[in-house]
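Encoded as structure tokens, the structure appears first; notes follow it.
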Amino acid sequence: MTEQTEQKQGISAAINVDGDRVLMVRRRVKEGELMWQFPAGGIEDGETAEQAAVRETQ
């Protein structure tokens with residue numbers, strides 16, 4: 002038996018906040034481990050990459 006998984010497109014955004022500063026978020030990637038990353042996530046059905054970037058940074 003084979004298992005198929007649906008893969009969603011992803012989005013990552015580097016957002017210039019002020020001059021040379023950028024927005025980053027701190028996320029838990031493994032149990033107990035936090036990392037700084039650019040906002041990122043999946044693109045929902047019917048959503049553009051730009052809409053996903055806005056949603057993921059709110």
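If you want the numbering used here, it's the 1-based position in the sequence shown plus 1. Don't be surprised by glycine CBs; every beta carbon is placed ideally from N, CA and C. Since we're looking at a predicted model, the values are computed, not measured.
Using a 10 Å radius around the Cβ and a threshold of 16 neighbouring Cβ atoms, would you call residue i buried or exposed?
i	result
A15	exposed
A50	exposed
Out of curiosity, what's the CA-to-CA distance linking residue i and residue j?
i	j	result
V30	W37	10 Å
M25	P40	6 Å
V55	R22	18 Å
D46	V18	28 Å
Smallest Cα separation from residue i: which of the options?
i	options	result
Q59	K9, G42 and D46	G42
Would you please state the rounded distance, in angstroms, between the beta carbons of residue i and residue j? I believe it to be under 8 Å.
i	j	result
Q8	I44	Not really, about 11 Å apart at Cβ, beyond 8 Å.
With 8 Å set as the bound, which would you pick, yes or no: does the beta-carbon of residue i sit closer than that to a beta-carbon of chain B?
i	result
V26	This model lacks chain B altogether; it includes just one protein chain.
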